[in-house]
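> Be aware that the sequence shown starts at 10, since it is given in my numbering, and climbs by one per residue.
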Amino acid sequence: MTTIAQPGPVRSGLVEWPHRVLKPVLRRRLSRRWDVHVSGLDHVPSAGPVILASNHIGWLDGPLTVITSDRAVHALVKHESFDGGAGRLLRLGAQIKLHRGRTDAAAVRTALRVLRAGQVLLVYPEGKRGDGLVHEVLGGAGYLALATGSPVVPVAVVGTREPGAGIESKPGSGQRVDVVYGRPLTFAATPWPRDAGSVSAASDRIADA
(Lines of atoms letter the chains of each structure in order from A and count residues from 1; the text may use other names and numbers.)
(Lines give C-alpha, C1' and ligand atoms only; values in the text may rest on other atoms or scores of the structure.)
Protein backbone atom coordinates (compact mmCIF):
# COMPACT_ATOMS: atom_id res chain seq x y z
CA MET A 1 0.00 0.00 0.00
CA THR A 2 0.98 3.65 -0.40
CA THR A 3 2.55 5.12 2.74
CA ILE A 4 2.41 8.88 3.28
CA ALA A 5 4.27 10.45 6.17
CA GLN A 6 2.29 11.66 9.16
CA PRO A 7 2.41 15.48 9.41
CA GLY A 8 2.72 17.12 12.80
CA PRO A 9 2.69 15.61 16.28
CA VAL A 10 0.84 12.38 16.95
CA ARG A 11 -1.93 12.83 19.50
CA SER A 12 -4.24 10.41 21.22
CA GLY A 13 -6.82 9.20 18.72
CA LEU A 14 -10.02 7.19 18.99
CA VAL A 15 -10.28 3.55 20.03
CA GLU A 16 -9.64 1.02 17.23
CA TRP A 17 -9.73 -2.44 18.84
CA PRO A 18 -13.48 -3.00 18.17
CA HIS A 19 -12.75 -2.76 14.44
CA ARG A 20 -10.19 -5.56 14.64
CA VAL A 21 -12.60 -7.75 16.59
CA LEU A 22 -15.82 -7.07 14.68
CA LYS A 23 -14.71 -6.61 11.06
CA PRO A 24 -14.16 -10.30 10.25
CA VAL A 25 -17.65 -11.13 11.53
CA LEU A 26 -19.31 -8.22 9.75
CA ARG A 27 -17.51 -8.94 6.48
CA ARG A 28 -18.88 -12.47 6.49
CA ARG A 29 -22.38 -11.18 7.14
CA LEU A 30 -22.10 -8.69 4.30
CA SER A 31 -20.83 -11.31 1.86
CA ARG A 32 -23.71 -13.63 2.72
CA ARG A 33 -26.27 -10.90 2.07
CA TRP A 34 -24.81 -9.08 -0.94
CA ASP A 35 -22.28 -9.63 -3.73
CA VAL A 36 -19.63 -7.21 -2.45
CA HIS A 37 -16.76 -6.15 -4.75
CA VAL A 38 -13.93 -3.96 -3.44
CA SER A 39 -11.17 -2.45 -5.58
CA GLY A 40 -8.37 0.07 -5.10
CA LEU A 41 -7.63 -0.69 -1.44
CA ASP A 42 -3.94 -0.32 -2.28
CA HIS A 43 -4.61 3.39 -2.83
CA VAL A 44 -5.33 3.86 0.88
CA PRO A 45 -2.08 4.74 2.70
CA SER A 46 -1.16 1.98 5.15
CA ALA A 47 -0.12 4.47 7.83
CA GLY A 48 -0.71 8.09 8.73
CA PRO A 49 -3.81 10.27 8.45
CA VAL A 50 -6.27 9.72 5.61
CA ILE A 51 -9.57 11.31 4.67
CA LEU A 52 -11.92 9.01 2.76
CA ALA A 53 -14.29 11.22 0.76
CA SER A 54 -17.25 9.22 -0.52
CA ASN A 55 -20.40 9.70 -2.51
CA HIS A 56 -23.54 8.87 -0.54
CA ILE A 57 -26.64 7.22 -1.98
CA GLY A 58 -27.91 4.82 0.68
CA TRP A 59 -27.71 3.87 4.34
CA LEU A 60 -25.41 0.94 3.51
CA ASP A 61 -22.61 3.20 2.19
CA GLY A 62 -21.05 3.93 5.56
CA PRO A 63 -21.04 0.37 6.92
CA LEU A 64 -19.63 -0.92 3.61
CA THR A 65 -16.74 1.54 3.62
CA VAL A 66 -15.92 1.07 7.30
CA ILE A 67 -16.06 -2.73 7.09
CA THR A 68 -14.21 -3.18 3.78
CA SER A 69 -11.29 -0.90 4.62
CA ASP A 70 -8.13 -2.60 5.90
CA ARG A 71 -7.73 0.18 8.47
CA ALA A 72 -10.04 1.30 11.26
CA VAL A 73 -12.30 4.04 9.91
CA HIS A 74 -14.03 6.74 11.95
CA ALA A 75 -16.97 8.27 10.09
CA LEU A 76 -18.90 11.47 10.60
CA VAL A 77 -22.43 10.14 11.14
CA LYS A 78 -25.66 12.13 11.50
CA HIS A 79 -26.68 12.30 15.15
CA GLU A 80 -30.08 10.68 14.53
CA SER A 81 -28.32 7.42 13.69
CA PHE A 82 -27.09 7.11 17.27
CA ASP A 83 -30.61 6.37 18.54
CA GLY A 84 -31.53 2.77 19.39
CA GLY A 85 -29.49 -0.36 18.79
CA ALA A 86 -27.49 1.10 15.90
CA GLY A 87 -26.22 3.78 18.24
CA ARG A 88 -24.58 1.23 20.51
CA LEU A 89 -22.61 -0.22 17.60
CA LEU A 90 -21.64 3.25 16.37
CA ARG A 91 -20.35 4.22 19.81
CA LEU A 92 -18.45 0.95 20.18
CA GLY A 93 -16.72 1.64 16.86
CA ALA A 94 -15.92 5.23 17.90
CA GLN A 95 -17.91 6.82 15.09
CA ILE A 96 -18.38 10.57 15.32
CA LYS A 97 -21.77 12.14 16.01
CA LEU A 98 -22.52 15.04 13.68
CA HIS A 99 -25.31 17.60 13.97
CA ARG A 100 -26.04 18.67 10.42
CA GLY A 101 -27.36 22.04 9.29
CA ARG A 102 -24.88 23.99 11.41
CA THR A 103 -21.19 24.04 12.23
CA ASP A 104 -20.76 21.28 14.81
CA ALA A 105 -17.62 22.41 16.63
CA ALA A 106 -17.40 19.23 18.72
CA ALA A 107 -17.51 17.02 15.61
CA VAL A 108 -14.87 19.16 13.90
CA ARG A 109 -12.57 18.93 16.93
CA THR A 110 -12.97 15.15 17.02
CA ALA A 111 -12.31 14.86 13.28
CA LEU A 112 -9.11 16.89 13.68
CA ARG A 113 -8.11 14.71 16.62
CA VAL A 114 -8.54 11.58 14.47
CA LEU A 115 -6.36 12.94 11.68
CA ARG A 116 -3.68 14.39 13.95
CA ALA A 117 -3.39 10.97 15.58
CA GLY A 118 -2.70 9.41 12.17
CA GLN A 119 -6.08 7.70 11.86
CA VAL A 120 -8.65 7.40 9.06
CA LEU A 121 -11.68 9.68 8.76
CA LEU A 122 -14.68 9.05 6.47
CA VAL A 123 -16.63 12.08 5.27
CA TYR A 124 -19.42 12.72 2.79
CA PRO A 125 -18.51 16.01 1.06
CA GLU A 126 -22.11 16.72 0.02
CA GLY A 127 -23.31 16.39 3.61
CA LYS A 128 -26.34 14.32 2.61
CA ARG A 129 -27.48 11.43 0.44
CA GLY A 130 -27.72 12.17 -3.25
CA ASP A 131 -28.11 10.39 -6.58
CA GLY A 132 -24.63 8.87 -6.57
CA LEU A 133 -22.80 11.69 -8.32
CA VAL A 134 -21.11 14.41 -6.27
CA HIS A 135 -22.72 17.65 -7.45
CA GLU A 136 -22.14 20.33 -4.83
CA VAL A 137 -19.81 19.93 -1.88
CA LEU A 138 -19.66 21.68 1.46
CA GLY A 139 -16.38 23.03 2.78
CA GLY A 140 -15.76 20.46 5.50
CA ALA A 141 -13.57 17.98 3.62
CA GLY A 142 -11.44 20.73 2.11
CA TYR A 143 -11.02 22.43 5.47
CA LEU A 144 -9.93 19.21 7.18
CA ALA A 145 -7.44 18.43 4.40
CA LEU A 146 -5.84 21.87 4.62
CA ALA A 147 -5.89 22.01 8.42
CA THR A 148 -4.00 18.71 8.75
CA GLY A 149 -2.23 18.14 5.43
CA SER A 150 -3.96 14.77 5.19
CA PRO A 151 -4.27 13.01 1.83
CA VAL A 152 -7.80 12.52 0.54
CA VAL A 153 -8.79 9.20 -1.03
CA PRO A 154 -11.96 9.47 -3.17
CA VAL A 155 -14.39 6.59 -2.68
CA ALA A 156 -17.20 5.59 -5.03
CA VAL A 157 -19.96 3.33 -3.72
CA VAL A 158 -22.26 1.82 -6.36
CA GLY A 159 -25.34 -0.37 -6.03
CA THR A 160 -26.49 0.43 -2.51
CA ARG A 161 -29.77 1.89 -3.75
CA GLU A 162 -32.05 0.69 -6.52
CA PRO A 163 -32.66 3.24 -9.31
CA GLY A 164 -35.66 5.36 -8.38
CA ALA A 165 -35.83 3.97 -4.84
CA GLY A 166 -35.99 6.18 -1.75
CA ILE A 167 -32.94 7.18 0.27
CA GLU A 168 -33.85 4.73 3.07
CA SER A 169 -34.00 1.74 0.72
CA LYS A 170 -31.41 -1.02 0.57
CA PRO A 171 -30.24 -3.32 -2.24
CA GLY A 172 -31.97 -6.64 -2.73
CA SER A 173 -30.45 -9.83 -1.40
CA GLY A 174 -27.61 -11.05 -3.63
CA GLN A 175 -27.34 -7.77 -5.51
CA ARG A 176 -23.87 -6.59 -6.50
CA VAL A 177 -22.46 -3.60 -4.63
CA ASP A 178 -19.09 -2.02 -5.39
CA VAL A 179 -16.70 0.02 -3.25
CA VAL A 180 -13.97 1.65 -5.33
CA TYR A 181 -11.04 3.48 -3.71
CA GLY A 182 -9.32 6.03 -5.96
CA ARG A 183 -5.82 7.46 -6.01
CA PRO A 184 -5.06 9.81 -3.10
CA LEU A 185 -5.06 13.58 -3.55
CA THR A 186 -2.32 15.38 -1.64
CA PHE A 187 -2.74 18.67 0.20
CA ALA A 188 -0.15 20.81 1.94
CA ALA A 189 -1.01 21.74 5.51
CA THR A 190 -2.07 25.39 5.50
CA PRO A 191 -1.60 27.43 8.69
CA TRP A 192 -4.30 29.62 10.17
CA PRO A 193 -5.96 31.67 8.82
CA ARG A 194 -7.23 29.51 5.95
CA ASP A 195 -9.22 31.75 3.64
CA ALA A 196 -12.53 30.74 2.11
CA GLY A 197 -11.06 30.67 -1.39
CA SER A 198 -8.42 28.08 -0.44
CA VAL A 199 -10.99 25.89 1.30
CA SER A 200 -13.33 26.16 -1.70
CA ALA A 201 -10.54 25.24 -4.13
CA ALA A 202 -9.59 22.20 -2.03
CA SER A 203 -13.23 21.13 -1.86
CA ASP A 204 -13.58 21.49 -5.64
CA ARG A 205 -10.54 19.23 -6.16
CA ILE A 206 -12.16 16.60 -3.98
CA ALA A 207 -15.49 16.89 -5.83
CA ASP A 208 -13.78 16.49 -9.21
CA ALA A 209 -11.76 13.41 -8.22
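Think of the CB as a built atom: it goes at the ideal place given N, C-alpha and C, for glycine as much as any other residue.
Do L121 and A84 have their C-beta atoms closer together than 8 Å?
In this structure, A84 does not lie closer than 8 Å to L121 by Cβ.
> For I66, does the three-state DSSP call read helix, strand or coil?
Reduced to three states, the DSSP call for I66 is coil.
> The beta strand (DSSP E) with R185 in it runs from where to where?
185 to 190 is the span of the beta strand (DSSP E), which, as asked, contains R185.
> Apply the 10 Å Cβ neighbour rule to A220 and answer buried if 16 or more other Cβ atoms are within range, or exposed otherwise.
The chain is shown only over 10 to 218; residue 220 falls outside these bounds and no answer can be derived.
> Expressed to the nearest angstrom, what Euclidean distance is found between the alpha-carbon atoms of G206 and S40?
If I take the Cα positions, the gap works out to 43 Å.
> Going by the CB atoms, is the gap between P27 and G102 shorter than 8 Å?
Yes, Cβ-Cβ distance for G102 and P27 is below 8 Å.
> Once the 5 residues before and after V24 are set aside, which same chain residues still bring their CB inside 6 Å of it?
Cβ within range, chain order: A103.
> With DSSP run on the structure shown, which of helix, strand or coil describes D44?
D44 falls in the strand class under three-state DSSP.
> Can you tell which of A198, D92, G183 has the C-alpha that lies nearest to the C-alpha of R38?
Here the closest residue by C-alpha is G183.
> Quick check on DSSP: helix, strand or coil for K205?
The question names Lys, yet the displayed sequence has Ala at residue 205. Residue state, collapsed to three classes: helix.
> In terms of residue numbering, what span does the alpha helix (DSSP H) encompassing V123 cover?
Residues 114 to 125.
> Who are the Cβ neighbours of W68 in its own chain at under 7 Å, not counting the five residues just before and after it?
Once the five neighbours on either side are set aside, the close Cβ partners of W68 are E177, K179.
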